[in-house]
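Letter 14 of the sequence shown, counting from 1, is numbered 39 in this note's numbering, and no numbers are missing. A virtual CB, placed ideally from N, CA and C, is assigned to each residue, including glycine. Report on the following structure.
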Amino acid sequence: MFCTKCGHKNKINANFCSKCGSKLNIIIEHDLTPKKEVKKSMSLEKIFQVISVPLGIVLFAVARISLRTLFKYWFNNS
Ligand SMILES: [Zn+2]
């Protein structure tokens, strides 16, 4: 990118001008940061929604199996 102060051509990912040392335009990156965070939280909510259904089924199955084994032990002991 070009320096806004002296017009020197710098690397694309450079934060400061290599000629005059002034800060290069990174306002666009600052504007993108909150949007990314919003997207992340939204995707996390979606992941939780997707996981909650099979997780509930698995928990129900585990509870059933554990209850069965508990009843078996109870009948064997008495
Ligand atoms: Zn410069």
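Check residue i in the structure and name its three-state DSSP category.
i	result
residue 71	helix
residue 36	coil
residue 48	strand
Thinking residue i and residue j are a contact (beta carbons under 8 Å), I'd like their distance in whole angstroms, please.
i	j	result
residue 28	residue 35	6 Å
In whole angstroms, what separates the C-alpha of residue i from that of residue j?
i	j	result
residue 49	residue 40	5 Å
residue 92	residue 83	14 Å
residue 76	residue 99	34 Å
residue 30	residue 42	9 Å
residue 97	residue 85	18 Å
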